[in-house]
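What follows is a single structure, written as structure tokens, with notes after it.
In the UniProt record's numbering, the protein residues as written are 1 to 440.
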């Protein structure tokens, strides 16, 4: 009889132990499932309201581990302080976040030492801590009503940046090793979601600064163009008067002027005309992105035919144009300026007895590549970038304004295209530029 009773008691104990093991396993599985739910929510969220996401997860984890307060702290080792950044409290539990800002880390040497080793700091019973003065750990925790606590370090790129913690106020609480491991996973999730938010905020700030810079540059460019337009326009009138007066003077004094006088006055006229070309170039440059004329589809074959009527082509120059040029959407004045400046440039800087200029294009999937090729002087490699700058000229003796190629580049860029050149001294130069097939 006694043996049978003992067997029954042992079986009951074994059954109870198995039930406890099953309960622990079920709890661990539920804890893992909760963590997966939180992780999924973090991943699928756009993080617009990260504070709510973190507070909700602090509540979910806090309720599950039967804590009464869960929180996140950040370490600041430049000031040797730590501050409470997020906090969840159960009903009836007093929040402490307002009292836990810039807390000297000298007050918590025990758990700082544990965190620096990558370990949790766990106190199952605060009442069992030694009475170590008014700034001791027990003196800090007991006024908050804390009976048990656990804190898990937050480590980012192998550096300690803070910790998450769970306080039990209403009763003592215990944590298994498995639960500690899961809390470490939760700490890593928090680091990732906060880092993701920081990255998004950094990108948003960079985008905001970029937009501000672009707006500022656009305003400056507009003001600069307006200034150039006004100044150039105001200069044309007195320049015309100078040109007229010099011509009148030369005509009136033609019988009394010496050869030296005539050469000096011709030089004045040359520089006046050069100045006039320069002003005209500045006006054209400042007008490129100010045109209000409606854009439309332009047949480049027709546009170049019209262009020949305005360009003076020397007898020794031959210009060939590829048949069936495409149609381009845009402003006809800009495209006339684009081709005119490149063709005139090819004529002016041609030193051959039989000068050749070839205009053509190649078709790509998204854009056209146009080219203007000549057999002229060629351009040194060191000048390839310089010639596209305003007033950049190969020869200071030329009457050219030095604005033509800068106008070309500005027009190409206006239409989101690229421009470059290939050249060999004494052989010739080819300018290439791209224009998108579709312009809205």
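All C-beta atoms, glycine included, are put in the ideal place defined by N, C-alpha and C.
So the alpha helix (DSSP H) residue 348 belongs to, where does it begin and stop?
Taking the chain shown and counting its residues from 1, one reaches residue 348 at position 348. For residue 348, the enclosing alpha helix (DSSP H) stretches over residues 332-348.
Among the residues of its own chain, which have a CB less than 8 Å from the CB of residue 161, if the five just before and after it don't count?
Within the chain shown, residue 161 is the residue found at index 161, counting from 1. 74, 75, 154, 155, 191, listed in sequence order.
Would you say residue 53 and residue 193 are within 8 Å of each other, going by their C-beta atoms?
Taking the chain shown and counting its residues from 1, one reaches residue 53 at position 53. Taking the chain shown and counting its residues from 1, one reaches residue 193 at position 193. Contact flag set, yes.
At the level of alpha carbons, what is the spacing between residue 343 and residue 357?
Translated into positions along the chain shown, residue 343 becomes position 343. Translated into positions along the chain shown, residue 357 becomes position 357. Rounded to the nearest angstrom, the two C-alpha atoms are 7 Å apart.
Among residues of its own chain, excluding the 5 on either side of residue 246, which ones have a beta-carbon nearer than 8 Å to its beta-carbon?
Numbered from 1 along the chain shown, position 246 holds the residue referred to as residue 246. Excluding sequence neighbours, residue 246 sits near 265, 268, 269, 272.
Here's the rule: buried if 16 or more other CB atoms are within 10 angstroms of the residue's CB, otherwise exposed. What is residue 425?
Translated into the one-based positions of the chain shown, residue 425 becomes position 425. That one is exposed.
Just how far apart, CA to CA, sit residue 217 and residue 403?
For this step, residue 217 is matched to residue 217 along the chain shown. For this step, residue 403 is matched to residue 403 along the chain shown. Their Cα atoms are separated by approximately 21 Å.
Just tell me which of 259, 82, 30 has its CA closest to the CA of residue 456.
Because the chain spans 1 through 440 in this model, residue 456 falls outside it and cannot be assessed.
Please classify residue 335 as buried or exposed, where buried requires at least 16 neighbouring CB atoms within 10 angstroms.
Start at 1 with the first residue of the chain shown, and residue 335 comes out as number 335. Under this definition residue 335 is a buried residue.
Exposed unless 16 or more other CB atoms sit within 10 angstroms - verdict on residue 149
For the purposes of this step, residue 149 is taken as the residue at position 149 of the chain shown. Result: buried.
Burial state of residue 373 (16 or more Cβ within 10 Å):
As a position in the chain shown, residue 373 is number 373, starting the count at 1. Per the 10 Å Cβ criterion, buried.
Throw me the rounded Cβ distance for the residue 122 and residue 71 pair, which I believe falls under 8 Å.
Within the chain shown, the letter at position 122 stands for residue 122. Within the chain shown, the letter at position 71 stands for residue 71. At roughly 15 Å, the Cβ-Cβ gap does not stay under 8 Å, so residue 122 and residue 71 are not in contact.
Residue 370 beta carbon less than 8 Å from that of residue 303:
Residue numbering aside, residue 303 sits at position 303 when the chain shown is read from its first letter. Residue numbering aside, residue 370 sits at position 370 when the chain shown is read from its first letter. Contact flag unset, no.
Classify residue 169 as helix, strand or coil using the three-state DSSP reduction.
One-based indexing of the chain shown puts residue 169 at position 169. Looking at residue 169 - three-state DSSP - the assignment turns out to be coil, as it is neither helix nor strand.
With a CB to CB cut of under 6 Å and the five nearest residues on each side skipped, what residues in its chain are close to residue 362?
For the purposes of this step, residue 362 is taken as the residue at position 362 of the chain shown. Annotation for residue 362: 369 place their beta carbon closer than 6 Å to its own, counting only its chain and skipping 5 residues before and after.
For residue 72, decide whether its Cβ has a neighbour in chain D, counting only Cβ atoms nearer than 8 Å.
The structure shown contains no chain D, having only a single protein chain.
How many whole angstroms separate the CB atoms of residue 341 and residue 408, which I take to be in contact at a CB cut-off of 8 Å?
The sequence position of residue 341 within the chain shown is 341, counting from 1. The sequence position of residue 408 within the chain shown is 408, counting from 1. Correct: roughly 5 Å between the Cβ atoms.
Leaving aside the five residues before and after residue 316 along the sequence, list all residues of the same chain whose C-beta is less than 7 Å from its C-beta, in chain order.
To locate residue 316, count along the chain shown from 1; it is residue 316. If we look at residue 316 and ignore the five residues flanking it on each side, its Cβ neighbours are 353, 354, 355.
Hey, is the segment 53-70 in contact with the segment 28-42, meaning 3+ C-beta pairs nearer than 8 Å?
yes
So, with DSSP's three-state summary, where would you put residue 316?
Translated into positions along the chain shown, residue 316 becomes position 316. Coil, per DSSP.
Where does residue 186 sit, in a helix, a strand or coil, going by DSSP?
For this step, residue 186 is matched to residue 186 along the chain shown. Three-state result, residue 186: helix.
Provide the residue(s) that pair with residue 374 in DSSP beta bridges, ordered along the chain.
Here residue 374 is taken as the residue at index 374 of the chain shown, counted from 1. Residue 374 is bridged to 357, 429.
Span separating the alpha-carbon of residue 106 from that of residue 202:
For the purposes of this step, residue 106 is identified with residue 106 of the chain shown, where counting begins at 1. For the purposes of this step, residue 202 is identified with residue 202 of the chain shown, where counting begins at 1. Roughly 33 Å separates the two Cα atoms.
Alpha carbon to alpha carbon, what distance is there between residue 251 and residue 257?
Here the question's residue 257 lines up with position 257 in the chain shown. Here the question's residue 251 lines up with position 251 in the chain shown. Going from the Cα of residue 257 to the Cα of residue 251 covers about 10 Å.
Residues that residue 69 bridges to, as DSSP identifies them:
For the purposes of this step, residue 69 is identified with residue 69 of the chain shown, where counting begins at 1. Looking at the DSSP output, residue 69 sits in a beta bridge with 89, 167.
Just checking my contact of residue 88 with residue 55 at CB under 8 Å: how many whole Å lie between their CB atoms?
Numbered from its first residue, the chain shown carries residue 88 at position 88. Numbered from its first residue, the chain shown carries residue 55 at position 55. Confirmed, about 6 Å.
Return yes when the Cβ of residue 378 is within less than 8 Å of the Cβ of residue 427, no when it is not.
For the purposes of this step, residue 427 is taken as the residue at position 427 of the chain shown. For the purposes of this step, residue 378 is taken as the residue at position 378 of the chain shown. Result yes, Cβ atoms of residue 427 and residue 378 sit closer than 8 Å.
Can you tell which of 423, 69, 415, 413 has the C-alpha that lies nearest to the C-alpha of residue 350?
As a position in the chain shown, residue 350 is number 350, starting the count at 1. Answer by Cα proximity: 423.
Name the one or two DSSP bridge partners that residue 84 has.
Reading the chain shown from its first residue, position 84 is the one you call residue 84. For residue 84, which the question treats as bridged, DSSP gives the partners 73.
Along the chain, which unbroken stretches of the alpha helix (DSSP H) at least 4 residues long are found entirely within the segment 122-151?
137-141
Coarse secondary structure for residue 154, derived from DSSP in three states:
What you label residue 154 is simply residue 154 of the chain shown in a count that begins at 1. The answer is strand: DSSP assigns residue 154 an E or B state.
Considering only their Cβ atoms, is the gap separating residue 137 from residue 129 smaller than 8 Å?
For the purposes of this step, residue 129 is taken as residue 129 along the chain shown, with counting starting at 1. For the purposes of this step, residue 137 is taken as residue 137 along the chain shown, with counting starting at 1. Closer than 8 Å, so yes.
Mapping the DSSP letters down to three states, classify residue 367 as helix, strand or coil.
Start at 1 with the first residue of the chain shown, and residue 367 comes out as number 367. DSSP places residue 367 in strand when its eight states are reduced to three.
On a CA-only basis, which of 97, 104, 57, 68 is nearest residue 79? Give me that one, please.
Your numbering for residue 79 matches position 79 in the chain shown. Residue 79 has its Cα closest to that of 104, out of 97, 104, 57, 68.
Does DSSP classify residue 418 as helix, strand or coil?
The residue labelled residue 418 in the question sits at position 418 within the chain shown. Here residue 418 sits in coil by DSSP.
Can you tell me which of 366, 406, 365 puts its alpha carbon nearest to the alpha carbon of residue 384?
Your numbering for residue 384 matches position 384 in the chain shown. Nearest option by C-alpha distance: 406.
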